[in-house]
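In my numbering, the protein residues as written are 117 to 328.
This is the structure in structure tokens:
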């Protein structure tokens, strides 16, 4: 897994999980983008998306600051045992499938659903195991709930009295592709092949007349 320049990461449970889920994803054959992509959001109860501002390890991050770039948005939490590592490994494969110019025009955002435990520093360390173009975001519970409502994410806390974790967060798992104008264009269900998402990314990049 690629690392940021000058950053050394020891072997860890997270790193091991990344290797495992990446191997699993390599076994999933890509399908045609047009066949698997969920149609763009519409007025009939589909998520509308929209701007938001949350906190990263380097300060506040606003969706607006990525105008002119695509954003691949995911929700989850760092203590997630399975779905989140798989989703972020998939996102890493999407980004790795792009050429240098394409990669410079997209960023991945990972918004926590567990702001009580997920500090900005913890999120930065977590996403760094997956890809350097990923940014982890947190905020107050009210701020997170505002973003969740805009994107139609469902989540709830489950108490685990017999676990050292104390609780888990059950949540929906989808990937949201936002275009260069900040508009939500595609919503991909969990386990959509990375190749399908990469094709959608290329489609939007080629359609963006303001890009490089």
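Even for Gly, the Cβ is constructed at its ideal location relative to N, Cα and C.
All values reported here derive from a predicted model rather than from experimental measurement.
Using the beta-carbon count (16 or more within 10 Å), is residue 167 buried or exposed?
Counted from its first residue, the chain shown places residue 167 at position 51. Classification for residue 167: exposed.
Leaving aside the five residues before and after residue 284 along the sequence, list all residues of the same chain whose C-beta is less than 7 Å from its C-beta, in chain order.
Along the chain shown, read from residue 1 onward, the residue named residue 284 stands at position 168. Contacts found: 274 and 276.
Could you tell me the alpha carbon to alpha carbon distance between residue 147 and residue 312, rounded to whole angstroms?
Numbered from its first residue, the chain shown carries residue 147 at position 31. Numbered from its first residue, the chain shown carries residue 312 at position 196. With a pLDDT of 39 at residue 147, under the threshold of 50, the modelled position of that residue is not reliable, and no figure is offered here.
Less than 7 Å separating the Cβ of residue 323 from some heavy atom of the ligand MG?
The model on display carries no ligand, and the ligand MG is accordingly not part of it.
Which runs of the alpha helix (DSSP H), 4 residues or longer, sit entirely within the stretch 202-280?
216-219, 236-244 and 257-267
For residue 240, the nearest candidate out of 173, 197, 185 and 210 (CA to CA)
Here residue 240 corresponds to residue number 124 of the chain shown, with the count starting at 1. If we check each option's Cα against that of residue 240, 173 comes out closest.
How would you label residue 209, buried or exposed, when you count the other beta carbons within 10 angstroms and need 16 or more for buried?
As a first step, residue 209 is located in the chain shown; it is residue number 93 there, counting from the start. By the 10 Å Cβ count, residue 209 comes out buried.
Report the residue from 318, 264 and 251 whose alpha carbon sits nearest the alpha carbon of residue 182.
Walking along the chain shown from the start, residue 182 turns up at place 66. If we check each option's Cα against that of residue 182, 251 comes out closest.
Do residue 229 and residue 267 have their C-beta atoms within less than 8 Å of each other?
As a working note, residue 229 is residue 113 in the chain shown. As a working note, residue 267 is residue 151 in the chain shown. For residue 229 and residue 267, no; Cβs fall outside 8 Å.
Determine which residues share a DSSP beta bridge with residue 319 and list them.
Within the chain shown, numbered from 1, the residue matching residue 319 stands at position 203. Paired residue(s): none; residue 319 is not in a bridge.
Please report how far the alpha carbon of residue 220 lies from the alpha carbon of residue 278, in whole angstroms.
Indexing the chain shown from 1 puts residue 220 at position 104. Indexing the chain shown from 1 puts residue 278 at position 162. Spanning the two alpha carbons is a distance of roughly 45 Å.
Test item: CB-CB of residue 253 and residue 225 under 8 Å
As a working note, residue 253 is residue 137 in the chain shown. As a working note, residue 225 is residue 109 in the chain shown. It is a contact, given that the beta carbons lie within the stated cut-off.
Helix or strand or just coil, what does DSSP make of residue 305?
In the chain shown, the residue the question calls residue 305 occupies position 189. Strand.
By how many angstroms is the C-alpha of residue 323 removed from the C-alpha of residue 287?
Counting from 1 along the chain shown, the entry for residue 287 is found at position 171. Counting from 1 along the chain shown, the entry for residue 323 is found at position 207. Residue 287 and residue 323 have their C-alpha atoms some 32 Å from each other.
Which whole-angstrom value describes the C-beta separation of residue 213 and residue 296, a residue pair presumed to lie in contact below a C-beta threshold of 8 Å?
Your numbering for residue 213 matches position 97 in the chain shown. Your numbering for residue 296 matches position 180 in the chain shown. In fact, because the Cβ distance is near 19 Å, the residues do not count as touching under 8 Å.
Can residue 222 and residue 306 be called in contact, C-beta distance under 8 Å?
Numbered from its first residue, the chain shown carries residue 222 at position 106. Numbered from its first residue, the chain shown carries residue 306 at position 190. No, these two residues do not count as a Cβ contact at 8 Å.
Assuming residue 293 contacts residue 188 under a Cβ cut-off of 8 Å, what Cβ separation, rounded to an integer in Å, is found between them?
The residue given as residue 293 occupies position 177 in the chain shown. The residue given as residue 188 occupies position 72 in the chain shown. About 6 Å separates the CB atoms of residue 293 and residue 188; that is less than 8 Å, so the two are in contact.
Looking at C-alpha atoms only, which residue of 317, 263 and 282 is the closest neighbour of residue 170?
By one-based count along the chain shown, residue 170 stands at place 54. Comparing Cα positions, the closest option is 263.
Supposed contact pair residue 247 and residue 211 - C-beta distance, whole angstroms, cut 8 Å:
For the purposes of this step, residue 211 is taken as residue 95 along the chain shown, with counting starting at 1. For the purposes of this step, residue 247 is taken as residue 131 along the chain shown, with counting starting at 1. The pair is a contact, with the Cβ atoms about 5 Å apart (cut-off 8 Å).
Proximity winner among 281, 163, 178 and 298, relative to residue 233 (alpha-carbon distances):
By one-based count along the chain shown, residue 233 stands at place 117. Of 281, 163, 178 and 298, the residue nearest in Cα terms is 281.
Between which two residues does the beta strand (DSSP E) holding residue 171 run?
Within the chain shown, the letter at position 55 stands for residue 171. It spans 169-172 - the beta strand (DSSP E) in which residue 171 sits, taken as one unbroken run.
Could you give the residue range of the beta strand (DSSP E) that holds residue 292?
The count along the chain shown starts at 1 and reaches residue 292 at position 176. Following the DSSP letters along the chain, one finds residue 292 inside the beta strand (DSSP E) bounded by residues 290-294.
With 16 other Cβ atoms within 10 Å as the buried cut-off, status of residue 242:
As a working mapping, residue 242 is identified with position 126 in the chain shown. Buried.
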